[in-house]
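What follows is a set of notes on a single structure, which appears directly below.
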Amino acid sequence: MTSLHQELKAFIVTTMNLEDIDPADIGSDQPLFAEDGLGLDSIDALELVLALKKAYGVIIEANDEQSRRHLRSVNALASLIEAHRQHSA
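Below, the structure is given as structure tokens:
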């Protein structure tokens, strides 16, 4: 696991106010929005997208199948951010 993965897990816990979840307990491939994952909902998705834009400069469009893939897991978010960093460099 990279430092970006650890950073994103802590970011999600803080941003979503998941006080009862330890970032270390979030699996990198664990679904963020499924019942068997963190169980985040559509309101959480909006908050997370805005926070990611502010913190990492990534833009995730609403109602886009690709956006759903980006928000699937910590691994997916990390890949998006790394690609954004490489493209911006």
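If you're matching positions, the sequence shown starts at 5 in this note's numbering and goes up one per residue.
Note that the Cβ used here is the ideal one computed from N, Cα and C, for glycine as well.
Only counting the same chain, and skipping five residues up and downstream in sequence, which positions put a Cβ closer than 8 Å to that of residue i?
{"i": "residue 45", "result": "37"}
{"i": "residue 16", "result": "22, 27, 30, 36, 42, 52 and 78"}
Evaluate residue i with the Cβ neighbour count: other Cβ atoms within 10 Å of its Cβ, from every protein chain shown; 16 or more gives buried, anything less gives exposed.
{"i": "residue 50", "result": "exposed"}
{"i": "residue 82", "result": "buried"}
{"i": "residue 63", "result": "exposed"}
{"i": "residue 84", "result": "buried"}
{"i": "residue 54", "result": "exposed"}
From this set, the options, which residue's C-alpha is nearest residue i's C-alpha?
{"i": "residue 9", "options": "30, 24 and 73", "result": "30"}
{"i": "residue 21", "options": "52, 84 and 34", "result": "52"}
{"i": "residue 47", "options": "91, 83, 77 and 19", "result": "19"}
{"i": "residue 91", "options": "14, 11 and 60", "result": "60"}
Could you name the residues of the same chain whose beta carbon sits closer than 6 Å to that of residue i, not counting the 5 residues immediately before and after it, in chain order?
{"i": "residue 42", "result": "36"}
Could you check how far apart the C-beta atoms of residue i and residue j are, in whole angstroms? I think they sit under 8 Å.
{"i": "residue 77", "j": "residue 26", "result": "In fact, because the Cβ distance is near 17 Å, the residues do not count as touching under 8 Å."}
Note down, in chain order, each residue of its chain lying with its Cβ closer than 7 Å to the Cβ of residue i, except the 5 sequence neighbours on either side.
{"i": "residue 80", "result": "73 and 74"}
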